[in-house]
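Chains as they are written, first to last, in our numbering: chain A, 1 to 433; chain B, 1 to 165. Following: one structure in structure tokens, then a few remarks.
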Amino acid sequence: MTASAAGSMDRPLTGAMRPDGRPLGLAEYEASGGYAALRQALGGMRPADLIQRVKDSGLRGRGGAGFPTGMKWGFVPQGEKARRPTYLLVNADELEPGTFKDRYLLEGNPHLLIEGVVLSAYAIQADVAYIFVRRAYQRATEILARAMEEARGVGFLGANILGSGYGLKLHLHASAGRYMCGEETALTNALEGKRATPRTKPPFPPVVGLWGRPTIVNNVETLCNVPAIVRHGAEWFRGLSSSEDGGTKLYGVSGRVRRPGLWELPMGTTIREVLKTHAGGMRDGVGFRGLLPGGASTDFLVADHMDVKLDFASVQAAGSRLGTGTMIVLDDQTCPVGMVHNLIRFFAQESCGWCTPCRDGLPWLEAILAALEAGDGREEEIAILEQHCRLLGPGNTFCALAPGAVEPLQSALKYFRDDFTRHVREKRCPWRA
Amino acid sequence: MGDVIHPAHVARLGPEETREIAAALERAERPEAAYLDALKIVQRHRRWVSDEALRALAAHLQVAPERLESLATFYNLIFRRPVGRHVILLCDSVACWMLGEENLREHLRARLGIGYGETTADDRFTLLPVPCLGACDHAPAAWIDGDLHGDLTEEKLDTILEAHA
């Protein structure tokens, strides 16, 4: 993480973090202004006002889909007739290849998440919350468990928080590894001790979720924004951004760049600035070919897109998705077909098998791409790849896994078409000796 | 002299396992919410979940073995086949693949004689692929006995393995 010249006010997610990467303890967090928002909210803000403030802030979900957070919260039925308990589930199942932002937040400032959870739970009047952490984030899990103990010890969690009459029970669930758990209804099934397959929608989780009760699922980075929004207001949060979407964003870069890493920058920072200024551009002797802007399930963008702003609407207008905001760079020493093969292999393996197009379609694509890489590909199979990008697209599958999986493939066929045909023509992968 | 019975074949949970499972059930909102935790507890004590251990756990939880099997076969990190004393989980997702995962895999084959899904003859190491470890800025990465290692080279990997007897 590169510290910017600006103070912590400009970087609500990372500004208070220690430079040595050790987690911020409770005392340090409070010294940086931590839990002030919680005192403020529980000291007299109505839950509906809190939801309104988050709506006004323009905060959109940071897990990949970008749904407006305040609007989602507003779907939870309230009042005496509402079924209880209500749940808040924190999606810390970060398993999108190329994505490493939530781990950074969990390990660096666990109390920021906990404060965000309590505030958000209060807003939707949740009684119980779960933090769902992937198994491989063992260090993050241990750090969170300690922070939760600290928070319980001083009454920021549990019954009657800060004497407000509001209480929240917070569970920490360590999963056992599966990409599907990141889908909100699959995550819900996983918490119920079932296979993490997605559920039919409707009914939607805010009405029928965990154990059949109203449930909101939010990403880690999303919730980490909430304390600062409560404290400094919606206007201030919008002012951090250089786009329509409020706030900052944790942008990441991996691949053959000079300085792979993660930076908290104004939402809407351009690809050029993230890639050149912060990641330092390509390594010496390595050329740029393209990038996936927000994880494995986003469409490639290329050199023409350097000035695209990394916000939800701008990236969509350029033909891709902001996704998780952590980009994977394709260089000229890496085979684009091999890269897409790696991605499709991942999605084929991680498909839960619940619906046929995904379960059978992705392994077929994987086999074709493997054959191309091995020099056994045929020209007509490229058409089969194209056909599947449509057949596995939105509307044909039970959840977003397969439509996401074909995004890098369909865009690779558009931008790197020659590389596919070269594999057929030369009967080998040109990048392999 | 009778047959030697491997501990994993004894169809009963140990006192430690039983105690830890009771604690997990106590914490859970509903018993089924603790099923995965129970499988993880059994695996922690036995390295992997054998058919016998799975049946013993099912009997203990008073559920059908198939109910637990549905979980055990779904989650990547519940092992239904034996593993060695140390499990090397090498990330094979996109950033690590680009930055040398195949070389590391070949290096391990040369050094330990095992590929993905295999265990060394002395039972010391099992090598498995693992999806993205969220360490893409330090690719290539591996997760060995619960510790994350990034910016791996063949030499660095050798040093790490030497520390695992």
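All residues carry an ideal CB built from backbone N, CA and C; glycine is no exception.
Counted within 10 angstroms of its Cβ, other Cβ atoms place residue i as buried (16 or more) or exposed
i, result
"Pro-434(A)", "For chain A, the structure presents residues 1 to 433; residue 434(A) sits outside this window and is missing."
"Glu-264(A)", "buried"
"Val-154(A)", "exposed"
"Met-180(A)", "buried"
"Thr-99(A)", "buried"
"Thr-2(A)", "Any reading at Thr-2(A) needs caution, since the residue's pLDDT is 43, under 50, leaving its predicted position unreliable; the model's value is listed next. So Thr-2(A) ends up on the exposed side."
"Ile-271(A)", "buried"
"Phe-420(A)", "buried"
"Glu-80(A)", "exposed"
"Asn-342(A)", "buried"
"Lys-249(A)", "buried"
"Ala-374(A)", "exposed"
"Arg-46(A)", "exposed"
"Met-327(A)", "buried"
"Lys-72(A)", "buried"
"Met-9(A)", "exposed"
"Glu-17(B)", "buried"
"Lys-166(B)", "Outside the shown range of chain B (1 to 165) lies residue 166(B), about which nothing can therefore be said."
"Phe-398(A)", "buried"
"Thr-126(B)", "buried"
Local conformation of residue i per DSSP, three classes
i, result
"Gly-300(A)", "Here residue 300(A) is Phe; the residue named in the question, Gly, does not match the sequence. The answer is coil: DSSP assigns Phe-300(A) none of H, G, I, E or B."
"Thr-174(A)", "One point to set straight first is that residue 174(A) is Ala, not Thr, in the sequence displayed. Of the three classes helix, strand and coil, the one that applies to Ala-174(A) here is strand, per DSSP."
"Ser-120(A)", "helix"
"Met-306(A)", "coil"
"Lys-81(A)", "coil"
"Thr-18(B)", "helix"
"Gly-15(A)", "coil"
"Ala-279(A)", "coil"
"Phe-288(A)", "strand"
"Ile-271(A)", "helix"
"Glu-118(B)", "strand"
"Ala-5(A)", "Interpretation of Ala-5(A) is limited by its pLDDT of 39, a score under 50 that renders its predicted location unreliable; the figure taken from the coordinates is listed afterwards. Three-state result, Ala-5(A): coil."
"Val-424(A)", "helix"
"Ala-169(B)", "Since the displayed chain B opens at 1 and closes at 165, residue 169(B) lies outside it and no answer follows."
"Gly-2(B)", "Because the pLDDT at Gly-2(B) is just 44, under 50, the model does not fix this residue reliably, and the point stays unresolved."
"Pro-23(A)", "coil"
"Lys-169(A)", "strand"
"Arg-67(B)", "helix"
"Leu-13(B)", "coil"
"Gly-353(A)", "coil"
"Arg-60(A)", "strand"
"Pro-363(A)", "helix"
"Gly-295(A)", "strand"
Limits of the alpha helix (DSSP H) - the one that residue i falls within
i, result
"Met-386(A)", "Note that residue 386(A) is Glu in the sequence shown here, rather than Met. That run of the alpha helix (DSSP H) goes 379 to 391."
"Ala-433(A)", "Unbroken run through Ala-433(A): none, as it is neither H nor E."
"Ala-493(A)", "It is not possible to answer for residue 493(A), since the shown part of chain A is limited to 1 through 433."
"Asp-158(B)", "154 to 162"
"His-86(B)", "It is not in any alpha helix (DSSP H) - His-86(B) instead sits in the beta strand (DSSP E) that spans 86 to 91."
"Trp-73(A)", "69 to 74"
"Ala-103(B)", "It should be pointed out that residue 103(B) corresponds to Asn in this sequence rather than to Ala. First-last of the alpha helix (DSSP H) with Asn-103(B): 101 to 112."
"Asp-165(B)", "The residue you asked about is not Asp; residue 165(B) is Ala in the sequence shown. Note, Ala-165(B): premise wrong, no alpha helix (DSSP H); not H, not E."
"His-341(A)", "336 to 350"
"Leu-39(B)", "35 to 46"
"His-138(B)", "Careful: His-138(B) lies outside any alpha helix (DSSP H) and carries neither H nor E."
"Leu-57(B)", "51 to 61"
"Lys-101(A)", "101 to 108"
"Ala-313(A)", "312 to 317"
Unbroken beta strand (DSSP E) run spanning residue i, endpoints
i, result
"Arg-194(A)", "Rather than Arg, the amino acid found at residue 194(A) in this sequence is Lys. Unbroken run through Lys-194(A): none, as it is neither H nor E."
"Pro-129(B)", "125 to 130"
"Val-54(A)", "That residue, Val-54(A), is in no beta strand (DSSP E); its alpha helix (DSSP H) goes 47 to 57."
"Gly-404(A)", "Looking at the DSSP string, Gly-404(A) is not in any beta strand (DSSP E); the run it does join, the alpha helix (DSSP H), is 401 to 415."
"Gly-261(A)", "261 to 266"
"Met-327(A)", "326 to 331"
"Trp-143(B)", "142 to 144"
"Ile-131(A)", "128 to 133"
"Asp-147(B)", "147 to 149"
"Ala-92(A)", "87 to 92"
Amino acids of chain D, ordered along the chain, whose beta-carbon sits closer than 7 Å to that of residue i
i, result
"Trp-48(B)", "Here the protein chains are A and B, and chain D is not one of them."
Determine which residues of the region 60 to 88 of chain B have a Cβ less than 8 Å from any Cβ of chain A, and write them out in chain order.
Ser-70, Leu-71, Phe-74, Tyr-75, Asn-76, Leu-77 and Ile-78
What are the start and end residues of each continuous beta strand (DSSP E) run of 3 or more residues lying completely inside the region 210 to 256 of chain A, in chain order?
Complete beta strand (DSSP E) runs here, min 3: 215 to 219 and 248 to 254.
Residues from the region 9 to 41 of chain B in contact with chain A, defined by Cβ distance under 9 Å:
The region 9 to 41 of chain B vs chain A, Cβ under 9 Å: Arg-27, Ala-28, Glu-29, Arg-30, Pro-31, Glu-32, Ala-33, Ala-34, Tyr-35, Leu-36, Asp-37, Leu-39 and Lys-40.
Residues of the region 121 to 145 of chain B whose Cβ lies closer than 8 Å to any Cβ of chain A, in chain order:
If you check each beta-carbon in the region 121 to 145 of chain B against every beta-carbon of chain A, the ones closer than 8 Å belong to Val-130, Pro-131, Cys-132, Leu-133, Gly-134, Ala-135, Cys-136, Asp-137, His-138, Ala-139 and Trp-143.
Chain B contacts from the region 335 to 351 of chain A (Cβ-Cβ distance under 7 Å):
Met-339, Asn-342, Leu-343, Phe-346 and Glu-350
What residues from the region 80 to 98 of chain A come within 8 Å of chain B, judged by C-beta to C-beta, listed N to C?
Glu-94, Leu-95, Glu-96, Pro-97 and Gly-98
Within 8 Å of chain B by C-beta, residues of the region 239 to 255 of chain A in sequence order
Residues of the region 239 to 255 of chain A with a Cβ closer than 8 Å to any Cβ of chain B, in chain order: Gly-252, Val-253, Ser-254 and Gly-255.
Please list, in chain order, the residues of the region 402 to 430 of chain A that have any C-beta partner in chain B closer than 8 Å.
none
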